[in-house]
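*Asks:*
Protein chains: 2
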Amino acid sequence: MAKITIKDIAKMCGVGVSTVSRTLNGHPDVNPETRAKILETVEKMNYVPNNSARNLGRNDSASIAILVKGASNTLFSSMISTIEYDAKERGYSVVLHSVGFYEDEIDVARELVKEKRLRGIIFLGGFSLHSDEKLKELGVPFVLVTTGYVTERFSRNVYSTVSVDDAAEGEKMTNYLIKTGHRKIAILGPDPHDNSVGSLRLAGYKRALTSNGIDFNDKLIIPMDHDTADYTMENGYAAMSNFLKEGIKISAVFAISDTLALGAARAIYDAGLRIPEDIAVAGFDGIPACKYYVPSITTIRQPLYDMAKESARILFDVIDKKGEHMHEVFPGELIIGESTEV
Amino acid sequence: MAKITIKDIAKMCGVGVSTVSRTLNGHPDVNPETRAKILETVEKMNYVPNNSARNLGRNDSASIAILVKGASNTLFSSMISTIEYDAKERGYSVVLHSVGFYEDEIDVARELVKEKRLRGIIFLGGFSLHSDEKLKELGVPFVLVTTGYVTERFSRNVYSTVSVDDAAEGEKMTNYLIKTGHRKIAILGPDPHDNSVGSLRLAGYKRALTSNGIDFNDKLIIPMDHDTADYTMENGYAAMSNFLKEGIKISAVFAISDTLALGAARAIYDAGLRIPEDIAVAGFDGIPACKYYVPSITTIRQPLYDMAKESARILFDVIDKKGEHMHEVFPGELIIGESTEV
DNA sequence: TTGTACGCGTTATCAT
DNA sequence: ATGATAACGCGTACAA
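Protein chains in written order, with my numbering: chain R, 1 to 342; chain G, 343 to 684.
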């Protein structure tokens with residue numbers, strides 16, 4: 001049965017457990033013959049070492065963890081692959097763990113650190129405010145990768161961050177729209193009452209308006225639909241459809257995510273309006289669909305690959321004492337599509 | 343430091359380790375006062391039990407694992423969420439583990455079973471051929487969720503499967519296209535040399551042609567582009583663009599995934615052709631983008647939510663001895679969009 | 001080169 | 001209700 005342990009293997013081979021252990025862990029000092037015999041019976045018996053027992057005795061482990069908040073965030077999946085790849089290249093194994101929306105990521109992390117003897121952690125997405133003390137107690141270096149810009153409210157020497165300055169990028173996009181002649185620009189998606197990426201991008205939008213002498217009009221904030229899942233095309237479609245019914249005049253809409261933009265685009269089309277002639281559409285994130293949509297959607301591309309690479313590099317540098325904690329902000333790339341220019 | 347153990351807590355409270363353990367695990371027989379004191383110091387000390395040690399001592403665990411092959415497969419992310427939800431509702435915790443493309447999923451699974459004392463496993467995606475013996479040795483029930491149809495080559499009483507009959511669905515789509523008047527139908531994506539979902543959908547395509555008296559023409563098989571990642575819009579665009587340059591006359595293209603279809607649609611558009619008037623486009627999977635694309639893309643929707651629900655239900659039924667292993671095949675839903683009908 | 005014995009942190013089984 | 005102690009399965013000094 002599945003109850004076979006290292007002792008059993010040792011007995012069957014007429015050797016001690018340490019010899020088996022050494023063989024399994026690739027230690028050099030072991031007779032080739034006995035090694036062969038051991039490996040053979042291990043194979044035959046389908047023996048698999050128990051990792052829990054392994055981790056218990058150890059202090060190191062050469063493994064890091066990726067903690068993902070909101071496993072369904074499709075933006076993260078590519079980043080995970082890159083990080084996994086880089087980690088393995090450095091001889092590290094990686095533990096992927098999804099954190100529930102209402103779980104405390106630090107608690108989860110601490111548990112994992114103890115259990116797996118982690119050497120470091122990369123947090124993907126959502127990160128609440130924690131005290132420095134609590135963060136330091138994690139005991140291992142970690143990097144926070146967030147599409148939300150990290151402000152001063154986070155202590156900056158306890159861990160590293162890799163991010164995009166959402167406010168600046170939102171401003172960039174809005175400035176671009178203004179430059180191409182738009183004055184009545186709606187913004188689709190932000191919830192003024194939360195303080196996530198949405199409100200940061202909204203802040204950038206406001207800044208752009210102000211610096212261009214355009215009055216901010218909160219009628220032009222189109223919140224996400226409450227009855228639909230957030231940040232989905234479906235939501236963008238519903239929210240935009242409702243807004244269009246109100247008859248408020250706009251010449252462009254800046255959606256705070258590409259998925260919302262895509263849904264909104266269809267809503268505009270279904271309302272009998274043309275993109276960009278009647279309403280220009282812009283998104284945020286840079287997902288592939290923007291490029292292939294007709295018309296292609298103007299967006300801000302987040303350099304996910306580079307961000308993933310950097311987060312791994314920083315983490316391993318800190319682990320290896322080759323570097324200090326740092327805070328890297330990646331620029332987004334404005335990709336102009338057919339949805340804003342004729 | 344992070345070195346604090348259950349013993350320390352016991353000492354600090356002037357009690358034995360067992361009392362602490364009982365408190366932490368919610369056992370009833372423990373004095374409310376001491377319990378309070380223990381919980382308090384646990385809180386104050388930021389004590390976190392070591393899961394490895396926990397798992398070692400235990401024999402049960404009330405946890406299952408989801409093993410995902412190809413973490414980046416976006417179709418799976420929604421399924422993961424629903425399974426996690428259902429599991430938690432039944433008081434189970436779930437371990438998410440990604441399996442590398444060249445790893446042996448059964449080996450990974452066995453390791454995990456031992457380490458975590460798993461009660462069951464749900465495999466998402468890719469599953470190679472394994473001997474019954476090896477499968478049985480897993481020691482816990484498992485469900486294989488695959489978008490590929492499970493054929494007889496899998497033993498049917500050792501585990502459960504939840505799937506979509508890709509060949510039948512591919513045939514369904516092709517039949518639909520034929521019924522709407524198409525005779526020269528290209529199929530985009532299948533690699534005749536592998537035996538994954540692609541070839542199954544291709545088989546269905548061929549069956550439909552045959553039963554409708556249309557000669558199969560392998561010139562109409564458009565393979566994915568070799569220099570581009572599989573099953574991406576980019577790939578669909580590249581492959582379709584190249585095909586169009588050859589000047590082979592077709593009236594419809596059936597892409598074996600929606601992502602490929604979306605890329606192909608843009609390629610057709612860029613070639614100055616109209617959808618569906620010049621070339622009709624159909625996809626497979628039922629991703630949201632199909633609905634919001636202009637024109638909306640005809641596709642086969644896989645009932646991912648239902649499949650996830652069922653896989654959890656089946657697994658827990660087998661775990662609870664309330665049911666036997668079973669093999670459920672879900673029908674795909676033909677969703678007719680604007681890309682195939684004027 | 002190989003075997004013995006202890007420790008890792010926790011839970012479970014006994015007593016008390 | 002509570003405490004002592006033996007597992008749990010493995011790695012690793014240390015001894016041989």
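In this text, a Cβ means the ideal position worked out from N, Cα and C, and glycines have one as well.
This one's a predicted model, so the numbers in the text were calculated from it and none came from an experiment.
1) Among R:SER98, R:ALA312, R:ARG110, R:MET173, which residue has its Cα nearest to the Cα of ILE408 (chain G)?
2) Keeping to the same chain, check which residues put their C-beta closer than 8 Å to that of ALA613 (chain G); ignore five residues upstream and five downstream.
3) Any contact of the stretch 451 to 464 of chain G with the stretch 654 to 670 of chain G, i.e. 3+ C-beta pairs under 8 Å?
4) Taking the C-alpha atoms as reference points, what is the distance between LYS179 (chain R) and LEU138 (chain R)?
5) Expressed to the nearest angstrom, what Euclidean distance is found between the alpha-carbon atoms of ASP215 (chain R) and LEU209 (chain R)?
6) Taking one C-beta from the stretch 104 to 112 of chain R and one from the stretch 157 to 173 of chain R each time, how about it: are there three or more such pairs within less than 8 Å?
7) Where VAL164 (chain R) and GLN302 (chain R) are concerned, what is the direct C-alpha to C-alpha distance, given to the nearest angstrom?
8) Run the CB neighbour count on LEU688 (chain G), radius 10 Å, all protein chains shown included, and call it buried at 16 or more, exposed below.
9) Using the three-state DSSP reduction, which class does LYS345 (chain G) fall into: helix, strand or coil?
10) Can you give, in chain order, each stretch of the beta strand (DSSP E) that sits fully within the stretch 468 to 527 of chain G and has at least 3 residues?
11) Would DSSP call LEU273 (chain R) helix, strand or coil?
12) Can you tell me whether PHE101 (chain R) is buried or exposed, with buried defined as 16 or more other CB within 10 angstroms of its CB?
13) Could you tell me which chain R residues have their CB closer than 9 Å to the CB of LYS349 (chain G), listed as they occur along the chain?
14) For ASN63 (chain R), report the span of its beta strand (DSSP E) as first-last.
15) Using 8 Å as the limit for Cβ to Cβ distance, is ALA308 (chain R) near chain G?
16) Just to check my reading of the structure: VAL636 (chain G) and THR682 (chain G) have Cβ atoms closer than 8 Å, yes? What is that Cβ distance to the nearest angstrom?
17) Are there three or more Cβ pairs, one per stretch, closer than 8 Å when the stretch 348 to 361 of chain G is compared with the stretch 377 to 386 of chain G?
18) What does the alpha-carbon distance come out to for the pair PHE418 (chain G) and ARG616 (chain G)?
19) In this structure, what does DSSP give as the bridge partners for VAL99 (chain R)?
20) Leaving aside the five residues before and after GLU84 (chain R) along the sequence, list all residues of the same chain whose C-beta is less than 6 Å from its C-beta, in chain order.
21) What span of residues does the beta strand (DSSP E) with LEU676 (chain G) cover, start to end?
22) Confirm, please, whether the CB-CB distance from MET575 (chain G) to TYR292 (chain R) is below 8 Å.
23) Is there at least one Cβ from chain G nearer than 8 Å to HIS27 (chain R)'s Cβ?
24) According to DSSP, ILE590 (chain G) sits in a beta bridge with which residue or residues?
25) Could you give the residue range of the alpha helix (DSSP H) that holds GLU89 (chain R)?
26) According to DSSP, what are the bridge partners of ILE268 (chain R)?
27) Give the single residue among R:LEU262, R:TYR231, R:THR298, R:LEU200 whose Cα lies nearest to the Cα of LEU334 (chain R).
28) Give the straight-line distance between the Cα atoms of ALA288 (chain G) and LEU477 (chain G), rounded to the nearest whole angstrom.
29) Given a cut-off of 8 Å, decide if ASP285 (chain R) and SER311 (chain R) are closer than it, judged by their beta-carbon atoms.
30) Should ALA239 (chain R) and LEU200 (chain R) be called a contact, given that it needs their Cβ atoms to be closer than 8 Å?
31) With a cut-off of 8 Å, does the C-beta of GLY605 (chain G) fall near any C-beta of chain R?
32) Tell me which same chain residues have a C-beta within less than 6 Å of the C-beta of ILE4 (chain R), skipping the five on either side of it?
33) In terms of DSSP beta bridges, what is ILE222 (chain R) paired with?
34) Is the Cβ of ASN55 (chain R) closer than 8 Å to any Cβ of chain G?
35) Under a CB-based cut-off of 8 Å, is TYR444 (chain G) close to chain R?
36) Taking only the alpha-carbon atoms, compute the straight-line gap between LEU124 (chain R) and ILE80 (chain R) and give it to the nearest angstrom.
*Replies:* Concretely, from the data shown:
1) The residue given as residue 408 (chain G) occupies position 66 in the second sequence. When each option's Cα is compared against that of ILE408 (chain G), the closest is R:SER98.
2) Numbered from its first residue, the second sequence carries residue 613 (chain G) at position 271. The beta carbon of ALA613 (chain G) is closer than 8 Å to those of SER583, LEU586 in its chain, skipping five residues each way along the sequence.
3) Contact between the stretch 451 to 464 of chain G and the stretch 654 to 670 of chain G is present: 3 or more CB-CB pairs across the two stretches fall below 8 Å.
4) Start at 1 with the first residue of the first sequence, and residue 179 (chain R) comes out as number 179. Start at 1 with the first residue of the first sequence, and residue 138 (chain R) comes out as number 138. Going by the C-alpha atoms only, they are around 47 Å apart.
5) Walking along the first sequence from the start, residue 215 (chain R) turns up at place 215. Walking along the first sequence from the start, residue 209 (chain R) turns up at place 209. Distance between the alpha carbons of ASP215 (chain R) and LEU209 (chain R) is about 7 Å.
6) Contact between the stretch 104 to 112 of chain R and the stretch 157 to 173 of chain R is absent, because fewer than three Cβ pairs lie under 8 Å.
7) Within the first sequence, the letter at position 164 stands for residue 164 (chain R). Within the first sequence, the letter at position 302 stands for residue 302 (chain R). Looking at the two C-alpha atoms, the distance is approximately 7 Å.
8) No statement about residue 688 (chain G) is possible, as the shown extent of chain G runs from 343 to 684 and does not include it.
9) If you number the second sequence from 1, residue 345 (chain G) lands on position 3. The three-state reading of DSSP puts LYS345 (chain G) in coil, since its state is none of H, G, I, E or B.
10) Runs found: 484 to 488, 502 to 506.
11) If you number the first sequence from 1, residue 273 (chain R) lands on position 273. Coil.
12) By one-based count along the first sequence, residue 101 (chain R) stands at place 101. That one is exposed.
13) For the purposes of this step, residue 349 (chain G) is identified with residue 7 of the second sequence, where counting begins at 1. Within chain R, no residue comes near LYS349 (chain G); the closest Cβ sits about 15 Å away, beyond 9 Å.
14) Translated into the one-based positions of the first sequence, residue 63 (chain R) becomes position 63. In the sequence as presented, Asn is not what sits at residue 63 (chain R); that position holds Ser. In the DSSP assignment, SER63 (chain R) falls within the unbroken beta strand (DSSP E) covering 63 to 69.
15) Position 308 of the first sequence, counted from the start, is the residue given in the question as residue 308 (chain R). Judged by the 8 Å Cβ criterion, ALA308 (chain R) is not in contact with chain G.
16) The residue given as residue 636 (chain G) occupies position 294 in the second sequence. The residue given as residue 682 (chain G) occupies position 340 in the second sequence. Contact flag wrong, Cβ pair sits at about 14 Å.
17) Because the criterion of three Cβ pairs below 8 Å is met, the stretch 348 to 361 of chain G and the stretch 377 to 386 of chain G touch.
18) In the second sequence, the residue the question calls residue 418 (chain G) occupies position 76. In the second sequence, the residue the question calls residue 616 (chain G) occupies position 274. Between PHE418 (chain G) and ARG616 (chain G), the C-alpha separation is close to 33 Å.
19) Position 99 of the first sequence, counting from 1, holds the residue named residue 99 (chain R). Bridge partners of VAL99 (chain R): R:LYS69.
20) Looking up residue 84 (chain R) in the first sequence gives position 84. If we look at GLU84 (chain R) and ignore the five residues flanking it on each side, its Cβ neighbours are VAL94.
21) As a first step, residue 676 (chain G) is located in the second sequence; it is residue number 334 there, counting from the start. Taken as a continuous stretch (DSSP letters only), the beta strand (DSSP E) holding LEU676 (chain G) covers 675 to 677.
22) Within the first sequence, numbered from 1, the residue matching residue 292 (chain R) stands at position 292. Within the second sequence, numbered from 1, the residue matching residue 575 (chain G) stands at position 233. Judged by their CB atoms, TYR292 (chain R) and MET575 (chain G) are nearer to each other than the 8 Å cut-off.
23) Taking the first sequence and counting its residues from 1, one reaches residue 27 (chain R) at position 27. Under the 8 Å criterion on CB atoms, HIS27 (chain R) is classed as non-interfacial with respect to chain G.
24) Mapped onto the second sequence, residue 590 (chain G) falls at position 248. Answer is none; ILE590 (chain G) lacks a bridge partner.
25) Within the first sequence, residue 89 (chain R) is the residue found at index 89, counting from 1. Counting along the chain, the alpha helix (DSSP H) containing GLU89 (chain R) begins and ends at 74 to 89.
26) One-based indexing of the first sequence puts residue 268 (chain R) at position 268. The bridge partners DSSP lists for ILE268 (chain R) come to none.
27) Here the question's residue 334 (chain R) lines up with position 334 in the first sequence. It is R:THR298.
28) Absent from the structure is residue 288 (chain G), since the part of chain G shown begins at 343 and ends at 684.
29) Taking the first sequence and counting its residues from 1, the one referred to as residue 311 (chain R) is at position 311. Taking the first sequence and counting its residues from 1, the one referred to as residue 285 (chain R) is at position 285. One thing to note: SER311 (chain R) has its Cβ no nearer than 8 Å to the Cβ of ASP285 (chain R).
30) Here residue 239 (chain R) refers to the residue found at position 239 of the first sequence. Here residue 200 (chain R) refers to the residue found at position 200 of the first sequence. The Cβ-Cβ distance between ALA239 (chain R) and LEU200 (chain R) does not fall below 8 Å.
31) Sequence index remark: in the second sequence, residue 605 (chain G) carries index 263 (1-based). GLY605 (chain G) counts as touching chain R.
32) Here residue 4 (chain R) is taken as the residue at index 4 of the first sequence, counted from 1. Cβ neighbours of ILE4 (chain R) beyond the five flanking positions: MET45, TYR47.
33) Here residue 222 (chain R) corresponds to residue number 222 of the first sequence, with the count starting at 1. ILE222 (chain R) is bridged to R:LEU188.
34) Along the first sequence, read from residue 1 onward, the residue named residue 55 (chain R) stands at position 55. Contact of ASN55 (chain R) with chain G is assigned, a C-beta pair being separated by under 8 Å.
35) Residue 444 (chain G) sits at position 102 when you count from the first residue of the second sequence. No, no contact with chain R.
36) Position 124 of the first sequence, counting from 1, holds the residue named residue 124 (chain R). Position 80 of the first sequence, counting from 1, holds the residue named residue 80 (chain R). Rounded to the nearest angstrom, the two C-alpha atoms are 9 Å apart.
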